[in-house]
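Everything on this sheet refers to the single structure shown next.
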Amino acid sequence: MKLQVHTLPNGIRLVHHFVTSKVSHVGLFINAGTRDENEREHGIAHFIEHTIFKGTKKRNVFQVLNRLENIGADLNAYTSKEETCIYATFLNEYYDRTLELFQDVLFHSTFPEKELAKEKQVVMDEIRSYQDNPDDQIFDDFEDLVFAGHPLGKNILGTIKSLKQLTRNDLLEFIRRNYCPQEIVIISVGNIEFPRLVKFINKYFFQTPDREKSYPRVPFENYQVVIKAQNKKTYMVHCVVGCAGYAFSDERRIPLALLNNMLGGPILNSRLSLALRERNGLTYHNESNYTPYSDAGIISIYFGTDPVQYEKALEIVHQELAKLRNKKLTRIQLHTIQKQLIGQLAIAQESNLGQMLSIGKSFLLQNKFDPIETIISRINNTTAEELLEISNDVFRPDKLSMLTFTVK
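Note that our numbering has the sequence shown beginning at 1, numbered continuously upward.
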């Protein structure tokens with residue numbers, strides 16, 4: 001993958017990957033998310049993502065939405081703990097149109113009071129929907145345990161109480177404080193020559209508000225183990241076991257991702273799936289996840305099961321973790337899990353949209369993007385001894401936190 005990079009004098013970075021396709025993808029990534037909120041602002045980053053399309057100085061909400069939707073394009077956005085992204089998929093001839101709209105909503109959104117009131121109701125419904133799904137909620141609650149007292153622990157949606165008290169001035173202040181040119185990356189994956197793309201970027205993003213990020217992020221330190229159970233109105237017991245993991249910049253990130261994929265990744269023959277579901281019929285859904293952030297990370301192992309099967313399922317989870325700590329992988333086992341992860345990465349590379357989103361996150365975190373060849377090399381150079389060492393660091397019994405939703 002050949003990436004072309006251009007940095008504007010104001011600090012905005014443009015990264016382009018040329019592909020021969022009729023469809024292009026552009027994402028505008030801002031290094032601002034839930035962890036950048038103060039206590040009073042809980043949920044504001046996500047709420048801005050919802051309301052940034054609700055009108056600008058020259059467009060009302062319908063004109064904003066129709067600008068791309070009427071030419072068959074797909075306009076979307078998301079918020080995470082550390083970034084906000086506005087992105088679009090469109091036919092190649094609409095680069096100019098797309099970038100002009102991005103500039104308009106990013107720097108000229110007006111956040112009309114009437115639209116804010118309506119969208120608060122929408123987000124409240126989103127919060128209630130999430131609360132109706134304990135197998136989703138438990139992951140956010142578990143992060144709150146692991147990152148206790150730290151902004152990384154706050155869920156992205158906020159609460160109904162925190163949402164109600166947000167004002168238009170709060171939104172504008174959060175944007176002023178965080179939406180700074182030096183914290184913005186524009187990623188393009190599409191069929192356009194780089195000089196022409198640079199011309200569009202200069203046209204729309206050369207003149208931007210002069211802002212600097214005024215509050216540095218608080219680093220996460222001092223992870224403490226927590227074991228907690230909560231009663232829920234549910235038919236199943238839901239459980240997450242895990243701990244703090246490695247940051248995105250840690251060279252052990254890829255070996256840990258390799259371990260996580262083998263343990264409970266999106267494969268039918270993961271160790272958890274085989275042990276819990278195929279051999280014992282204890283769970284319908286189980287998984288393991290590893291999420292790296294800029295200065296921290298989290299490992300979460302989930303299963304849901306019938307209350308009478310809970311103790312047995314939990315015992316099996318701990319047995320599988322003990323195997324990772326105590327048994328070095330054989331040469332064949334190591335080769336198999338390496339091929340699995342490499343195959344998954346290669347398939348993911350087939351999606352230009354997926355590439356664009358991956359490049360954007362990587363440039364926000366480390367101002368570069370490792371090509372798949374580099375990642376594959378790191379996977380292939382991972383040894384069984386290294387995986388054993390990491391397992392004994394991450395999956396130590398005295399390091400594991402646990403959250404259980406028990407049946408009321």
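Heads up, the beta-carbon is just placed ideally off N, CA and C, and yes, glycines get one too.
- R13 has T7, V185 as its beta-bridge partners, per DSSP.
- Secondary structure at P219: coil, using DSSP grouped into helix, strand and coil.
- Around the beta carbon of P219, fewer than 16 other beta carbons sit within 10 angstroms, so the residue counts as exposed.
- When beta bridges are read from the DSSP output, Q121 appears opposite no residue.
- Rounded to the nearest whole angstrom, the C-alpha separation of Y95 and I192 is 8 Å.
- Annotated three-state conformation of I86 is strand, per DSSP.
- Non-local beta-carbon contacts of R168 in its own chain, meaning distances under 7 Å to residues more than five positions away in sequence, involve F111, E113, L116 in chain order.
- Around E287, the same chain offers G264, Y302 as residues with beta carbons nearer than 6 Å, after the five sequence neighbours per side are excluded.
- Nearest in C-alpha terms to N76, of all of S391, N326, L65, is L65.
- Within the stretch 45-117, the alpha helix (DSSP H) runs of at least 4 residues that lie entirely inside it are, in chain order, 61-69, 95-108.
- The stretch 208-224 and the stretch 360-377 do not touch, with fewer than 3 CB-CB distances between them shorter than 8 Å.
- Following the DSSP letters along the chain, one finds A348 inside the alpha helix (DSSP H) bounded by residues 331-348.
- By the criterion of a C-beta distance shorter than 6 Å, V226 is surrounded in its chain by L145, S401, once the five residues flanking it on both sides are discounted.
- Here DSSP, grouped into helix, strand and coil, assigns G153 to helix.
- At a Cβ-Cβ threshold of 8 Å, V240 and F142 count as neighbours.
- In this structure, H238 is the residue among E173, H238, N92 with its C-alpha nearest to the C-alpha of P307.
- With a cutoff of 8 Å on beta-carbon distance, Q366 and V189 are scored as not near each other.
- The continuous beta strand (DSSP E) containing V26 extends over residues 23-30.
- DSSP places P292 within a strand segment (E or B) once states are collapsed to three.
- Pairwise C-beta distances place the stretch 121-130 in contact with the stretch 156-164, as three or more of them are shorter than 8 Å.
- The distance from the Cβ of H6 to that of V198 is about 5 Å, consistent with a contact at the 8 Å cut-off.
- By DSSP's assignment, I227 forms a beta bridge with M402.
- Apart from sequence neighbours up to five positions away, the residues of its chain that approach Y310 with a beta-carbon distance below 6 Å are V237, ordered along the chain.
- The beta carbons of T208 and I12 sit closer together than 8 Å.
- Around the beta carbon of Y246, 16 or more other beta carbons lie within 10 angstroms, which makes this residue buried.
- Residue pairing for I298: DSSP places it in a beta bridge opposite A244, T291.
- Around the beta-carbon of S24, 16 or more other beta-carbon atoms lie within 10 Å, marking it buried.
- CA-to-CA, the gap between K312 and Y290 works out to about 24 Å.
- Within the same chain, and ignoring the five residues on either side of T305 in sequence, the residues whose Cβ sits closer than 7 Å to its Cβ are M236, V237, L282, T283, A313.
- Rounded to the nearest angstrom, the Cβ distance from I156 to H46 is 5 Å, consistent with a contact under 8 Å.
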